[in-house]
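Undergrad:
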Amino acid sequence: MIARMGIAFTSGCVVTFALLWLMQFLIATGRDVLTDKEAFRFSDFIRVRQDEVVDTKDRKPPKPPKVEDKPPDIPPPDLDTMDANAPRVNLARVDVGVNMDIGGSDFAVDGEYLPIVRVEPMYPRRAQSRGIEGYCDMEFTVTKTGEVINAVAMECSNSVFKNNSVKAVLKWKYKPRVVDGEPIDSPGVQTRLTYQFED
26 MIARMGIAFT SGCVVTFALL WLMQFLIATG RDVLTDKEAF RFSDFIRVRQ
76 DEVVDTKDRK PPKPPKVEDK PPDIPPPDLD TMDANAPRVN LARVDVGVNM
126 DIGGSDFAVD GEYLPIVRVE PMYPRRAQSR GIEGYCDMEF TVTKTGEVIN
176 AVAMECSNSV FKNNSVKAVL KWKYKPRVVD GEPIDSPGVQ TRLTYQFED
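So the number in this note's numbering is just where the residue sits in the sequence shown, counting from 1, plus 25.
#1: Here's a check: name, in chain order, each residue in its chain whose Cβ is nearer than 7 angstroms to the Cβ of Phe187, leaving out the five neighbours to either side.
#2: Drop a sphere of 10 angstroms on the beta-carbon of Asn189, count the other beta-carbons inside from all chains shown, and report buried for 16 or more, exposed for fewer.
#3: Which same chain residues, not among the five before or five after Ile209, have their C-beta less than 8 angstroms away from its C-beta?
#4: Kindly indicate which residue of Gln49, Asn183 and Glu158 has the alpha-carbon position closest to the one of Glu223.
#5: Can you give me the Cβ contacts of Asp205 inside the same chain, cut-off strictly under 8 angstroms, excluding the 5 residues immediately before and after it?
#6: Taking DSSP as the reference, what is the three-state secondary structure of Phe34?
#7: Per DSSP, what kind of secondary structure is Leu116 in: helix, strand or coil?
#8: For Gln215, which residues of its own chain have a beta-carbon under 6 angstroms away from its beta-carbon, when the five flanking residues on both sides are left out?
#9: Exposed or buried, Leu218, counting other C-beta atoms within 10 Å across all chains shown (16 or more means buried)?
#10: Please name the residue, chosen from Ile174, Glu137, Val185 and Ala176, that lies closest to Arg150 on a Cα-to-Cα basis.
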């Protein structure tokens with residue numbers, strides 16, 4: 026029994042010291058692994074831009090052909106051969122006085138209304154982003170002062186054009202319609218505003 030305990034104790038001490046030595050060996054050799062830095066090699070890639078060689082050709086227009094025949098010289102006028110008995114031109118002043126009295130105190134000519142200022146409508150952003158094109162038929166009244174009132178969108182291809190069309194037409198200016206020398210209102214004026222993208 027004592028012999029077994031002695032063998033067990035001895036073998037236990039041997040195994041313990043062997044393990045301690047192995048651990049010490051691993052620790053000693055592991056420090057170098059942790060502290061050694063691996064040498065990384067970096068390669069810098071630099072792309073060299075090559076000078077482009079562009080062939081340039083001097084294109085000059087061809088020279089015009091030389092004119093061999095020169096136009097004949099114009100002879101100077103001969104003042105000695107002028108006829109003294111030739112009829113003379115009268116350069117006296119002309120009477121331009123014209124009777125401008127047309128009756129009445131105001132100078133006005135009868136005529137229809139004429140556009141003076143037309144403001145183009147803004148293309149609606151919603152229609153522009155969706156690529157919508159179209160038109161809007163407008164009806165309005167031109168007053169005797171040339172302003173536009175009562176602008177109404179009669180028919181629009183898309184309701185998105187209605188508000189911008191009304192706003193634009195209300196900014197227009199006209200020469201009013203004149204009847205018997207007096208400017209009058211012109212109701213029921215119609216026009217079409219077209220919304221299209223430029224090609």
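The beta carbon of each residue, even a glycine, is placed where N, CA and C say it ideally should be.
TA: Based on what the coordinates show:
#1: Residue numbering aside, residue 187 sits at position 162 when the sequence shown is read from its first letter. Note that residue 187 is Lys in the sequence shown here, rather than Phe. So the qualifying residues of the chain are Cys161, Ala178 and Cys181.
#2: Stepping through the sequence shown from its first residue, residue 189 is reached at position 164. By the neighbour-count rule (16 or more Cβ atoms within 10 Å), Asn189 is buried.
#3: Against the sequence shown, residue 209 aligns to sequence position 184. The residues are Lys169, Pro201, Arg202 and Val203.
#4: Residue mapping note: residue 223 aligns to position 198 of the sequence shown, counting from 1. Nearest C-alpha to Glu223: Glu158.
#5: To locate residue 205, count along the sequence shown from 1; it is residue 180. Cβ within range, chain order: Asp135.
#6: The count along the sequence shown starts at 1 and reaches residue 34 at position 9. If DSSP states are grouped into helix, strand and coil, Phe34 belongs with the helices.
#7: By one-based count along the sequence shown, residue 116 stands at place 91. In this predicted model, Leu116 has a pLDDT of only 37, less than 50, meaning its place in the structure is not dependable; the value taken from the coordinates is given anyway. Three-state DSSP puts Leu116 in coil, outside helix and strand.
#8: Within the sequence shown, numbered from 1, the residue matching residue 215 stands at position 190. Glu164.
#9: Numbered from its first residue, the sequence shown carries residue 218 at position 193. Buried: at least 16 other Cβ atoms inside 10 Å.
#10: Locating residue 150 in the sequence shown gives position 125, where the first residue counts as 1. Closest option to Arg150, Cα to Cα, is Val185.
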